[in-house]
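K.L.:
Before we start, here is the structure in question, set down as structure tokens.
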């Protein structure tokens, strides 16, 4: 037992001596890319999975304009249906109010007060001398004028607003755009080359009708800088513009009259 233990100790000492004399072998390190490759592969897999889920089995770049057109048409039908229902409810409300007014003095008094303000508020149709202004896009040109873009060939929101503001400045008593009565709460907005007014979309030509002195209205249009710019574009890019005086009719306002906010004038 003592001899075996001594031999083992001697062999162990010898191995230590040899190891001390030989150069120590450097420890190998794993290169950084060997760790990064699995992470990159994992990220790529997640990206492909997310793309497939988003596409839902369809091409991400497919033309969805037909779907958009269908959606717009559906919304138009919904708006038209809601407008008809709202008009029916307003008529029913007015009928019941009229019945109550026959037996209730305060209701009759307030109804008369409202009726006296209907014309000034735009809730009755008006006919009289006035002016009709029409704005239209330029025709499709095979070759654009030098320095022009497609954006120069369409009627913009600012063009319609310039005409409307000039007509008010010229003393217009009442006005309509595309046969829709314009009130103080009306907002003129354009989406592309279409006009958005009270939730409905209209395509050019845009017709603006104003009741007032035709000579004064035309003078106000001539004095408007925005209208002059559009007339210059008419000459340069073949946009459409016309002024037609005569007897005109402006319809009553028939949309919702609900106010979202109001202030009392001081």
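Residue numbers (this note's numbering): 286 to 551. All residues carry an ideal CB built from backbone N, CA and C; glycine is no exception.
Along the alpha helix (DSSP H) that carries residue 515, what are the first and last residues, could you check?
P.N.:
Looking at the DSSP string, the run of the alpha helix (DSSP H) that includes residue 515 is 510-522.
K.L.:
So what does residue 533 bridge to, in DSSP terms?
P.N.:
413.
K.L.:
Please say whether residue 502 and residue 457 have beta carbons closer to each other than 8 Å?
P.N.:
Yes, they are a contact pair.
K.L.:
Given residue 486, which residues of its chain have a CB within under 6 Å of its CB, disregarding the five upstream and five downstream residues?
P.N.:
Once the five neighbours on either side are set aside, the close Cβ partners of residue 486 are 479.
K.L.:
Figure out for me which residue from 509, 408, 423, 381 has the closest Cα to the Cα of residue 519.
P.N.:
The shortest C-alpha separation from residue 519 is found at 423.
K.L.:
Which residue's Cα is closest to the Cα of residue 361: 400, 405, 491, 483?
P.N.:
The residue with the shortest Cα to Cα distance from residue 361 is 483.
K.L.:
Helix, strand or coil for residue 330 per DSSP?
P.N.:
Three-state result, residue 330: helix.
K.L.:
So, is residue 444 buried or exposed, given that buried needs 16 or more other C-beta atoms within 10 angstroms?
P.N.:
Residue 444 comes out buried.
K.L.:
First and last residue of the beta strand (DSSP E) that includes residue 495?
P.N.:
From DSSP, the beta strand (DSSP E) with residue 495 extends over 491-496.
K.L.:
Just to confirm my understanding: we take residue 315, look at its own chain, exclude 5 residues before and 5 after, and list those with CB closer than 8 Å. What are they?
P.N.:
Only weak support is given to the placement of residue 315: the predicted model assigns it a pLDDT of 49, under 50, and the value that follows is read from those uncertain coordinates. Counting only Cβ-Cβ distances below 8 Å, and skipping sequence neighbours, we find nothing.
K.L.:
Tell me residue 525's beta-bridge partners as DSSP assigns them.
P.N.:
In DSSP, residue 525 forms a bridge with 421.
K.L.:
To the nearest angstrom, report how far apart residue 356 and residue 493 are at their CA atoms.
P.N.:
Looking at the two C-alpha atoms, the distance is approximately 29 Å.
K.L.:
Taking contact to mean at least 3 C-beta pairs separated by less than 8 Å, is the segment 446-455 in contact with the segment 498-517?
P.N.:
Output reads yes: the segment 498-517 touches the segment 446-455.
K.L.:
Check each candidate in 531, 530, 515 and name the one with the smallest Cα separation from residue 524.
P.N.:
Minimum Cα distance to residue 524 is reached at 515.
K.L.:
When the Cα atoms are used, what is the spatial distance from residue 382 to residue 447?
P.N.:
Rounded to whole angstroms, residue 382 to residue 447 spans 41 Å at the Cα level.
K.L.:
Which of the three DSSP states is assigned to residue 457 in this structure?
P.N.:
Note: residue 457 maps to coil in three-state DSSP.
K.L.:
How should residue 331 be labelled, buried or exposed, when 16 other C-beta atoms within 10 angstroms of its C-beta is the threshold for buried?
P.N.:
The residue in question, residue 331, is exposed, as its Cβ has fewer than 16 Cβ neighbours within 10 Å.
K.L.:
Out of 550, 477, 375, 488, point me to the one whose CA is closest to residue 463's CA.
P.N.:
Of 550, 477, 375, 488, the residue nearest in Cα terms is 488.
K.L.:
Classify residue 302 as buried or exposed, calling it buried when 16 or more other Cβ atoms lie within 10 Å of its own Cβ.
P.N.:
Only weak support is given to the placement of residue 302: the predicted model assigns it a pLDDT of 49, under 50, and the value that follows is read from those uncertain coordinates. Classification for residue 302: exposed.
K.L.:
Compute the Euclidean distance between the alpha carbons of residue 363 and residue 467, then round it to the nearest angstrom.
P.N.:
Distance between the alpha carbons of residue 363 and residue 467 is about 23 Å.
K.L.:
Within 10 Å of its beta-carbon, does residue 512 have 16 or more other beta-carbons around it, so buried, or fewer, so exposed?
P.N.:
So residue 512 ends up on the buried side.
K.L.:
Rounded to a whole number of angstroms, what is the C-alpha to C-alpha distance between residue 375 and residue 474?
P.N.:
Answer to the nearest angstrom: the Cα atoms are 27 Å apart.
K.L.:
Pull up the CB-CB distance for residue 528 and residue 440, whole angstroms please, since I reckon it's below 8 Å.
P.N.:
Between residue 440 and residue 528 the Cβ distance is about 15 Å, and since that is not below 8 Å, they are no contact.
K.L.:
Assign residue 345 to buried or exposed, taking buried as 16 or more other Cβ atoms, counted over all protein chains shown, within 10 Å of its Cβ.
P.N.:
Reliability of the predicted coordinates at residue 345 is poor, the pLDDT of 49 falling under 50, and the value obtained from them is presented with this limitation in mind. So residue 345 ends up on the exposed side.
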